[in-house]
Amino acid sequence: MINADMHIHTKYSHDCTTNLDRFRKICLKRSIFPVITDHNTIAGALKYRKLYKDCIIGEEISTKQGEIIGLFLEEEIAEGLDITEVIDKIRQQDGLVFLQHPFDKLRKNRLKEYYFDKMKFDIVEIFNSRTLFHKYDLKAKNFAEKNKLLKGVGSDAHLEMEIGASYVMIDEFNSKKQFLKNLESAKFFVSKSPFYVHMFTKCIKLKRLV
């Protein structure tokens, strides 16, 4: 069994400062298998895999309509494209479309509900440690169950303290197909990050703008 945090960031995201060496040490200490989903880049995930092997390469992609995550990627997808084009590019790589924090109204960059019926998703994030109000997680869970979609959870970690806050305990896998199959019977372990982590993230963004 492995503990996969399905939504996690490194210093390659514009709002995170955790370098890969430190990131690796924390993952090992907390027995976390990282699904690296940096904003609009897979550079960090590719480097991590080259150094340490055990990770899934993902990307949290900013589209014209909002953010979406692609998993099992090998090529970076540019930001600012139409959501349909981004999903096509994920599919062309034989990747998975992961709908993250779909109902969290406090996130201005989330993909809006208007598009949900128009898109085909593989996995829905039913718990995000950074989502402040649990009602949004419950709504995501209900959406996944209503549409018979696979469920995932993630810490959405931008700070070291958040890594592994939420994860899926899943049987080991060696392919995307096996990952999907094993996700059907995975167990979820979740916890909320303190509200002030968002303030730290904003400070990191501002510092990088200077």
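In this text, residue positions in the sequence shown follow numbering that gives the first Met the number 0: the first is 0, and each later residue adds one. Using N, Cα and C, we set each Cβ at its ideal position, and we do this for glycine too.
Any contact of the stretch 150-168 with the stretch 71-84, i.e. 3+ C-beta pairs under 8 Å?
no
Outcome for Ser190 when other beta-carbon atoms lying within 10 angstroms are tallied against a minimum of 16
exposed
If I measure Cβ to Cβ from Val196 and keep anything under 8 Å in the same chain, skipping five residues before and after, which residues do I get?
Arg129, His157, Leu158, Met160 and Glu161
From the DSSP output, in three-state form, read off Leu205 for me.
helix
Locate the beta strand (DSSP E) running through Val85, then write down its first and last residues.
Element bounds for Val85: not the beta strand (DSSP E) but the alpha helix (DSSP H), Ile82 to Gln91.
Over what stretch of residues does the alpha helix (DSSP H) that includes Phe178 continue unbroken?
Lys175 to Leu182
Compare the Cα-Cα distances from His6 to each of Val152, Lys175 and Ser174 and report the closest residue.
Val152
Strand pairing of Tyr166, partner residues [DSSP]
Phe188
Beta carbon of Ile56, beta carbon of Ile41: below 8 Å?
yes
Could you give the distance in angstroms between the alpha-carbon of Met183 and the alpha-carbon of Asp170?
The amino acid at residue 183 is misidentified as Met; the sequence shows Glu. Going by the C-alpha atoms only, they are around 10 Å apart.
Using a Cβ-Cβ cut-off of 8 Å (strictly less than) and excluding sequence neighbours within five positions of Val34, which residues of its own chain qualify?
Ala3, Asp4, Met5, His6, Ile7, Cys54, Ile55, Gly57, Leu70 and Gly153
Cross-strand partners of Phe32 (DSSP beta bridge)
Ala3
Nearest candidate by alpha-carbon position, reference Leu72, set Thr83, Glu112, Ser61 and Ala44
Ala44
How close, in whole Å, do the beta carbons of Glu59 and Thr83 come, if the pair is a contact with beta carbons under 8 Å?
Incorrect: roughly 18 Å between the Cβ atoms, too far for contact.
Can you tell me whether DSSP reads Asp53 as helix, strand or coil?
coil
Can you grab the Cα-Cα spacing for the pair Tyr51 / Glu124, in whole Å?
26 Å
Three-state secondary structure (DSSP) of His38:
strand
Do Phe97 and Asp121 have their C-beta atoms within less than 8 Å of each other?
yes
What do you reckon, are the CB atoms on Ala185 and Val167 nearer than 8 Å?
yes
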